[in-house]
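A quick write-up on the structure given underneath.
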Amino acid sequence: MLTTKGFGLLTGSAGRGKTTAVRNWASGLNTSLYKVMYSSLSTLTVNDFYRNLATELGAQPAFRKTDNFKIIQDEINRLVLEKRQTPVIIIDEANYIGNAVLNDLKMLFNFEMDSKDRAVVLLSGLPQLNSTLRL
Numbered sequence: 001m002l003t004t005k006g007f008g009l010l011t012g013s014a015g016r017g018k019t020t021a022v023r024n025w026a027s028g029l030n031t032s033l034y035k036v037m038y039s040s041l042s043t044l045t046v047n048d049f050y051r052n053l054a055t056e057l058g059a060q061p062a063f064r065k066t067d068n069f070k071i072i073q074d075e076i077n078r079l080v081l082e083k084r085q086t087p088v089i090i091i092d093e094a095n096y097i098g099n100a101v102l103n104d105l106k107m108l109f110n111f112e113m114d115s116k117d118r119a120v121v122l123l124s125g126l127p128q129l130n131s132t133l134r135l
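Just so you know, UniProt numbering puts 36 at position 36 of the sequence shown, and the rest follows in order with no gaps.
Laid out in structure tokens, this is it:
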């Protein structure tokens, strides 16, 4: 996932060690090459999700969703192109994410007309996440 970037999925029953596995994996990443952002707060509206992600990226979030969308894409581009860091965005308890956030995630990480994957997005949650994603 680190070399190809894009979306990843980790599902399993409660208490099976998903969070521990993700924490161990993330803690082993070179901090000069990867900027890891972790969130288990997955019951947000789209704009609240954007505001949270903008803050995690080190940016000042805006009020409007469209502004936050641009802020996030600009910050990811800055990390990748200027700092040479790959953003690693981990969303734990992702089985609680609403469809609106999932739909926006696809658009948010569309760079250069889908020709570039600039970040790693790992969704981790209970098996019902597979159904939500229709896998």
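All C-beta atoms in this analysis are idealised placements derived from N, C-alpha and C, irrespective of residue type, glycine included.
{"Check": "Assuming Ile-71 contacts Pro-61 under a Cβ cut-off of 8 angstroms, what Cβ separation, rounded to an integer in Å, is found between them?", "Outcome": "7 angstroms"}
{"Check": "Between the segment 42-51 and the segment 21-28, are three or more C-beta pairs nearer than 8 angstroms?", "Outcome": "no"}
{"Check": "Could you name the residues that DSSP lists as bridge partners for Val-88?", "Outcome": "Val-36, Val-120"}
{"Check": "Buried or exposed: where does Pro-127 fall if 16 or more other Cβ atoms within 10 Å of its Cβ makes it buried?", "Outcome": "exposed"}
{"Check": "Return the bridge partner residues of Phe-111 from the DSSP annotation.", "Outcome": "Lys-116"}
{"Check": "So, are the CB atoms of Ala-94 and Ser-124 less than 7 angstroms apart?", "Outcome": "yes"}
{"Check": "If Ile-89 sits next to Ala-119, beta carbons under 8 angstroms apart, how far is it from one beta carbon to the other, in whole angstroms?", "Outcome": "6 angstroms"}
{"Check": "Could you say which of Leu-33, Gly-17, Leu-9, Phe-49 lies nearest to Leu-108 if we only look at CA atoms?", "Outcome": "Phe-49"}
{"Check": "Does Phe-49 come out as helix, strand or coil in the three-state DSSP assignment?", "Outcome": "helix"}
{"Check": "Output yes or no for whether 7 angstroms exceeds the beta carbon distance between Asp-117 and Val-46.", "Outcome": "no"}
{"Check": "Give the C-beta separation of Gly-12 and Met-1 to the nearest angstrom, bearing in mind that I take them to be a contact with Cβ-Cβ under 8 angstroms.", "Outcome": "17 angstroms between Cβ atoms; not a contact."}
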